[in-house]
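Participant: Let me give you the structure first, and then I'll get to my questions.
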Amino acid sequence: MSKIARRDFINGTLMAAGASMLPFRSTSQAVMAALKPEYYPPALTGLRGSHPGSEKNAHNRAWTGQTDWGPTTDLKEEYDLVVVGGGLSGLSAAYFYQQEHGRDKKVLILDNHDDFGGHAKRNEHTMHSDTRIGEGGSESFEYPHEFSETVLNLLNDLGVDIDRFKTAYDTDFFKRHNLGAVTYFNKRIFGEDKVVKHPYCNYPNYVEGLQGAKLSNKEAAQQAPLSDSGKEQLLQVLNGGLHTLKVPKEELQNYTRTHLYFDYLQTTLGVDDPGVLRMARHSVVDYGGTPELITMEEAFESGALGLDYFSWRDVMEVGNDGGYIKNTSTYSVKNPFIHHFPDGNATIARMLVKKMIPDVGLGENVEEIVLSKFKYDELDKPSNSVRVRLNSTVVNVQHGGDPYSSSDVFINYISDNKSYQVKGKGVVMACYNMIIPHIVSDLPKEQDAALRRLSKIPLQFTTVGLKNWRAMKEMGIGMAMSPGNIHQAVGMDFPISMGGYEYTKSPDDPCILHMRCCVLGENVGAPQIEQFREARYRMLGLQFSDYEVEIREHLGGMLPKDIFNFDRDVASISVNRWAHGYSYGNPGAIGRQPFGRITIANSDSVNSSLMNRAIEQAWRAVKELG
Numbered sequence: 005m006s007k008i009a010r011r012d013f014i015n016g017t018l019m020a021a022g023a024s025m026l027p028f029r030s031t032s033q034a035v036m037a038a039l040k041p042e043y044y045p046p047a048l049t050g051l052r053g054s055h056p057g058s059e060k061n062a063h064n065r066a067w068t069g070q071t072d073w074g075p076t077t078d079l080k081e082e083y084d085l086v087v088v089g090g091g092l093s094g095l096s097a098a099y100f101y102q103q104e105h106g107r108d109k110k111v112l113i114l115d116n117h118d119d120f121g122g123h124a125k126r127n128e129h130t131m132h133s134d135t136r137i138g139e140g141g142s143e144s145f146e147y148p149h150e151f152s153e154t155v156l157n158l159l160n161d162l163g164v165d166i167d168r169f170k171t172a173y174d175t176d177f178f179k180r181h182n183l184g185a186v187t188y189f190n191k192r193i194f195g196e197d198k199v200v201k202h203p204y205c206n207y208p209n210y211v212e213g214l215q216g217a218k219l220s221n222k223e224a225a226q227q228a229p230l231s232d233s234g235k236e237q238l239l240q241v242l243n244g245g246l247h248t249l250k251v252p253k254e255e256l257q258n259y260t261r262t263h264l265y266f267d268y269l270q271t272t273l274g275v276d277d278p279g280v281l282r283m284a285r286h287s288v289v290d291y292g293g294t295p296e297l298i299t300m301e302e303a304f305e306s307g308a309l310g311l312d313y314f315s316w317r318d319v320m321e322v323g324n325d326g327g328y329i330k331n332t333s334t335y336s337v338k339n340p341f342i343h344h345f346p347d348g349n350a351t352i353a354r355m356l357v358k359k360m361i362p363d364v365g366l367g368e369n370v371e372e373i374v375l376s377k378f379k380y381d382e383l384d385k386p387s388n389s390v391r392v393r394l395n396s397t398v399v400n401v402q403h404g405g406d407p408y409s410s411s412d413v414f415i416n417y418i419s420d421n422k423s424y425q426v427k428g429k430g431v432v433m434a435c436y437n438m439i440i441p442h443i444v445s446d447l448p449k450e451q452d453a454a455l456r457r458l459s460k461i462p463l464q465f466t467t468v469g470l471k472n473w474r475a476m477k478e479m480g481i482g483m484a485m486s487p488g489n490i491h492q493a494v495g496m497d498f499p500i501s502m503g504g505y506e507y508t509k510s511p512d513d514p515c516i517l518h519m520r521c522c523v524l525g526e527n528v529g530a531p532q533i534e535q536f537r538e539a540r541y542r543m544l545g546l547q548f549s550d551y552e553v554e555i556r557e558h559l560g561g562m563l564p565k566d567i568f569n570f571d572r573d574v575a576s577i578s579v580n581r582w583a584h585g586y587s588y589g590n591p592g593a594i595g596r597q598p599f600g601r602i603t604i605a606n607s608d609s610v611n612s613s614l615m616n617r618a619i620e621q622a623w624r625a626v627k628e629l630g
């Protein structure tokens with residue numbers, strides 16, 4: 005095993021798996037998650053996201069129906085509100101509750117992970133004395149100028165200035181360094197390691213300022229490591245457009261909403277080359293669908309192979325999408341994709357915690373906390389009106405009597421393999437919605453069934469700490485689509501500088517590479533929910549060493565060997581696995597309805613993955629408690 009794998013295993017995986025044991029003060033029973041001062045999850049590397057151990061008890065509850073957790077200790081702790089889930093929705097719910105009912109109200113937030121924030125995960129990579137900050141999941145605001153009053157008011161409370169990103173995001177960075185969108189074909193799948201300076205799809209266009217193709221469609225098709233017929237088919241796809249359809253103009257938009265993307269490729273264009281189909285399947289990176297089963301409209305929105313704006317302008321300018329695209333960008337003129345903090349939406353999670361637990365760190369607004377190292381041992385102090393208790397998996401939530409008349413709810417959770425109970429006057433379930441039927445007793449049958457219809461799409465966001473990016477500069481790579489690798493895209497992180505944090509300036513400076521993928525099932529064409537389940541199990545079955553081998557092969561094959569050396573240039577790796585990523589299936593109004601003193605939040609409630617939706621659902625859930 006390599007040095008990096010060993011180091012990351014010790015500092016990341018092992019720490020995460022044993023986080024419920026190692027950091028605790030064994031002398032404290034009442035404060036179950038009192039953490040040692042050195043406890044600092046953002047700096048952990050290795051397997052992160054749904055880290056080893058975080059899912060164990062939830063899976064036992066859902067998969068085997070486990071109810072016997074041994075003797076349960078009643079902590080004699082009573083709260084005005086207990087929030088299950090410490091992601092953006094759960095943290096927002098706690099904040100809104102105190103806004104509505106007073107800052108003196110006692111709130112407990114329980115989360116099964118070793119860090120708060122849910123998908124809004126902060127990754128730190130330290131190389132010598134330089135710490136690089138990146139996001140391990142929820143990365144940005146989408147269309148902030150269209151946010152609801154509820155969301156805008158919260159962001160204002162947190163000190164967010166949406167216009168600040170216009171100067172914080174360096175839109176000239178990629179142009180200044182001549183970094184563009186390319187495609188890397190690996191030897192294992194395509195017969196040779198080859199970089200072609202064309203992305204073949206529009207997915208990279210969401211990175212504001214990233215340079216596009218350096219080759220014509222014809223040149224790009226000829227350079228692709230495909231058979232002669234494959235090259236011809238690829239060129240046909242790249243040159244596709246409305247002219248390939250025999251559909252009246254007034255029917256085009258409905259056609260793209262009702263016809264599958266792969267039907268267009270295979271039936272309309274006659275594509276049967278496995279290499280081209282693989283490129284198409286791996287061009288949809290984090291949209292959250294299986295490309296062979298999504299509509300043409302969905303494929304367009306994700307920037308899939310062959311569906312560029314200019315070829316389909318007439319379709320997109322009919323109706324609500326008018327004016328949506330600027331040049332070949334997949335984001336609107338009014339809402340450029342620049343609204344990122346250095347750690348993504350982890351800054352929002354951190355600022356919410358700071359507002360409720362002031363002693364957790366320095367800084368009075370989102371910009372001032374960018375470089376603040378939070379003190380996790382402040383999270384669960386008895387003196388706090390809001391307490392955040394990590395490494396605590398809720399396994400049962402039950403009213404103290406008749407759900408519609410009881411004034412108490414009892415919450416059981418597992419921490420360090422021991423069972424504990426607390427009591428709340430109300431509960432907000434801000435966890436994954438599909439786990440709720442397994443842990444909330446006696447839900448109405450219709451609500452139980454509605455919540456079970458929800459599934460989650462597995463996603464993976466890996467951050468790599470590079471000691472320098474000379475090789476990326478030499479190859480002119482800002483982002484590389486990678487249809488032969490686990491990670492379908494790899495590139496430089498968003499060029500954001502704020503709060504005293506400076507984005508990498510020189511190719512000799514450290515940086516973070518961001519690698520991402522929507523994990524797909526290998527049974528092509530199988531129902532989406534089956535593919536998601538298969539991909540989820542496969543993801544969770546891999547060890548860190550498996551990912552390191554893949555990343556070593558990926559970067560080593562893509563970058564010039566005379567400049568890049570993996571063991572020398574890669575300092576650390578954080579593999580953020582989200583086995584339950586984007587929502588798939590809508591529980592609807594029945595699924596999210598209140599149940600006695602229990603209400604339901606999370607963006608899952610409205611079949612969304614967006615930060616603003618998570619906040620809105622938190623507000624609704626708190627208002628429903630009354």
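In my numbering, the protein residues as written are 5 to 630.
We put the CB at the ideal spot given by N, CA and C, even for glycine.
Hey, A97 and A434: beta-carbon distance below 8 Å or not?
Facilitator: As a working mapping, residue 97 is identified with position 93 in the sequence shown. As a working mapping, residue 434 is identified with position 430 in the sequence shown. In contact: A97 and A434 (Cβ atoms closer than 8 Å).
Participant: Give me, in chain order, the residues of the same chain whose beta-carbon lies closer than 6 Å to that of I342; leave out the 5 immediate sequence neighbours on both sides.
Facilitator: Here residue 342 refers to the residue found at position 338 when the sequence shown is read from its first residue. If the five residues before and after I342 are omitted, its C-beta is found closer than 6 Å to the C-beta atoms of F169, Y173 and E212, all from its own chain and listed in chain order.
Participant: Can you tell me where the alpha helix (DSSP H) with P441 in it begins and where it stops?
Facilitator: Indexing the sequence shown from 1 puts residue 441 at position 437. First-last of the alpha helix (DSSP H) with P441: I440 to I443.
Participant: So what's Y417 in DSSP terms, helix, strand or just coil?
Facilitator: Counting from 1 along the sequence shown, the entry for residue 417 is found at position 413. Y417 falls in the strand class under three-state DSSP.
Participant: Jot down the residue ranges of each uninterrupted beta strand (DSSP E) in the region 155–201, minimum 3 residues, whole runs only, in chain order.
Facilitator: 184–189 and 198–200
Participant: For the putative contact between Q535 and L524, defined by C-beta atoms under 8 Å, what is the C-beta separation to the nearest angstrom?
Facilitator: For this step, residue 535 is matched to residue 531 along the sequence shown. For this step, residue 524 is matched to residue 520 along the sequence shown. Correct: roughly 6 Å between the Cβ atoms.
Participant: How is F100 classed by DSSP in three states: helix, strand or coil?
Facilitator: Your numbering for residue 100 matches position 96 in the sequence shown. DSSP, read as helix, strand or coil, puts F100 in helix.
Participant: Count the C-beta pairs between the region 277–289 and the region 193–213 that are closer than 8 Å, then say yes if the count reaches three, no if not.
Facilitator: yes
Participant: With a CB to CB cut of under 7 Å and the five nearest residues on each side skipped, what residues in its chain are close to I490?
Facilitator: By 1-based counting over the sequence shown, the position of residue 490 is 486. Counting only Cβ-Cβ distances below 7 Å, and skipping sequence neighbours, we find C521 and E554.
Participant: What is the DSSP secondary structure of Y380, counted as helix, strand or coil?
Facilitator: Numbered from 1 along the sequence shown, position 376 holds the residue referred to as residue 380. Correct three-state label for Y380: helix.
Participant: How is K125 classed by DSSP in three states: helix, strand or coil?
Facilitator: Position 121 of the sequence shown, counted from the first residue, corresponds to residue 125. Residue state, collapsed to three classes: coil.
Participant: Buried or exposed for E42, going by 16 or more other Cβ atoms inside 10 Å?
Facilitator: Translated into positions along the sequence shown, residue 42 becomes position 38. That one is exposed.
Participant: Could you pull the start and end residues of the beta strand (DSSP E) that M483 belongs to?
Facilitator: Residue numbering aside, residue 483 sits at position 479 when the sequence shown is read from its first letter. M483 -> beta strand (DSSP E) spans I481 to M485.
Participant: Shortest alpha-carbon distance to L537 belongs to which of A605, A583 and N437?
Facilitator: Locating residue 537 in the sequence shown gives position 533, counting from the first residue. Note that residue 537 is Arg in the sequence shown, not Leu. Of A605, A583 and N437, the residue nearest in Cα terms is A583.
Participant: What would DSSP say about V626, mapped onto helix, strand or coil?
Facilitator: Counting from one through the sequence shown, the residue named residue 626 turns up at place 622. In the structure shown, V626 sits in a helix (DSSP, three-state: H, G or I).
Participant: Is T332 helix, strand or coil by DSSP?
Facilitator: Here residue 332 refers to the residue found at position 328 of the sequence shown. In this prediction, T332 scores a pLDDT of 44, lower than 50, which makes its location untrustworthy; no coordinate-derived value is stated.
Participant: Report the start-end ranges of each beta strand (DSSP E) in the region 526–605 that is 3 residues or longer and not cut off at the edges.
Facilitator: 574–588 and 602–604
Participant: Could you spell out where the beta strand (DSSP E) holding P249 opens and where it closes?
Facilitator: As a working note, residue 249 is residue 245 in the sequence shown. For the sequence presented, residue 249 should be read as Leu rather than Pro. Run containing L249: none; DSSP gives neither H nor E here.
Participant: Compute the distance between the beta-carbons of M485 and L517, then report whether it is under 8 Å.
Facilitator: As a working mapping, residue 485 is identified with position 481 in the sequence shown. As a working mapping, residue 517 is identified with position 513 in the sequence shown. Not closer than 8 Å, so no.
Participant: Which word fits S613, buried or exposed, when buried means at least 16 other C-beta atoms lie within 10 angstroms of its C-beta?
Facilitator: Here residue 613 is taken as the residue at index 609 of the sequence shown, counted from 1. Per the 10 Å Cβ criterion, buried.
Participant: Span of the alpha helix (DSSP H) holding E223?
Facilitator: Residue 223 sits at position 219 when you count from the first residue of the sequence shown. Element bounds for E223: N221 to Q227.
Participant: Specify, as a first and last residue, the run of the beta strand (DSSP E) that E42 falls within.
Facilitator: As a first step, residue 42 must be located in the sequence shown, where it is residue number 38. Segment: none, E42 is in no beta strand (DSSP E) and carries neither H nor E.
Participant: Using 10 angstroms around the beta-carbon of S510, count the other beta-carbons present and answer buried if the total reaches 16, otherwise exposed.
Facilitator: Looking up residue 510 in the sequence shown gives position 506. Label assigned to S510: exposed.
Participant: Any idea what DSSP makes of L79, helix, strand or coil?
Facilitator: For the purposes of this step, residue 79 is taken as the residue at position 75 of the sequence shown. Three-state result, L79: strand.
Participant: Tell me, to the nearest whole angstrom, how far the beta carbon of A575 is from that of H55; I am working on the premise that it is less than 8 Å.
Facilitator: For the purposes of this step, residue 575 is taken as the residue at position 571 of the sequence shown. For the purposes of this step, residue 55 is taken as the residue at position 51 of the sequence shown. Not quite, the Cβ-Cβ distance comes to about 20 Å (not below 8 Å), so this is no contact.
Participant: Using a Cβ-Cβ cutoff of less than 7 Å, which residues in the same chain neighbour L375 once the five nearest sequence positions on both sides are dropped?
Facilitator: Taking the first residue of the sequence shown as position 1, residue 375 is located at position 371. Result list for L375: G503, G504 and Y505, in chain order.
Participant: Classify L629 as buried or exposed, calling it buried when 16 or more other Cβ atoms lie within 10 Å of its own Cβ.
Facilitator: In the sequence shown, counting from the first residue as 1, residue 629 sits at position 625. That one is buried.
Participant: Give the DSSP-derived three-state secondary structure of G94 in the structure shown.
Facilitator: Locating residue 94 in the sequence shown gives position 90, counting from the first residue. Helix, per DSSP.
Participant: Please check the pair N606 and G89, which I expect to be a contact at CB under 8 Å, by giving their CB distance rounded to whole angstroms.
Facilitator: As a first step, residue 606 must be located in the sequence shown, where it is residue number 602. As a first step, residue 89 must be located in the sequence shown, where it is residue number 85. Indeed, because the Cβ distance is near 7 Å, the residues count as touching under 8 Å.
Participant: With a threshold of 6 Å on Cβ separation, who are the neighbours of R474 within its own chain once the five nearest residues in sequence on each side are excluded?
Facilitator: In the sequence shown, counting from the first residue as 1, residue 474 sits at position 470. Excluding residues within five positions, the ones whose Cβ falls inside 6 Å are P511 and I567.
Participant: For the region 451–466 against the region 592–601, do three or more pairs of beta-carbon atoms, one drawn from each stretch, fall closer than 8 Å, so that the two count as touching?
Facilitator: yes
Participant: Does the distance from the CB of V392 to the CB of D384 come in under 8 Å?
Facilitator: Taking the first residue of the sequence shown as position 1, residue 392 is located at position 388. Taking the first residue of the sequence shown as position 1, residue 384 is located at position 380. A contact, by the Cβ cut-off of 8 Å.
Participant: I361 to N388, Cα distance in whole Å?
Facilitator: For the purposes of this step, residue 361 is identified with residue 357 of the sequence shown, where counting begins at 1. For the purposes of this step, residue 388 is identified with residue 384 of the sequence shown, where counting begins at 1. Rounded to whole angstroms, I361 to N388 spans 7 Å at the Cα level.
Participant: Determine contact between the region 258–266 and the region 237–245, defined as no fewer than three beta-carbon pairs at a distance below 8 Å.
Facilitator: no
Participant: Give the secondary structure of V357 by DSSP, where H, G and I count as helix, E and B as strand, and everything else as coil.
Facilitator: Within the sequence shown, residue 357 is the residue found at index 353, counting from 1. In the structure shown, V357 sits in a helix (DSSP, three-state: H, G or I).
Participant: Per DSSP, which residues does G404 bridge with? Please list them.
Facilitator: Within the sequence shown, residue 404 is the residue found at index 400, counting from 1. DSSP output for G404 lists no bridge partner at all.
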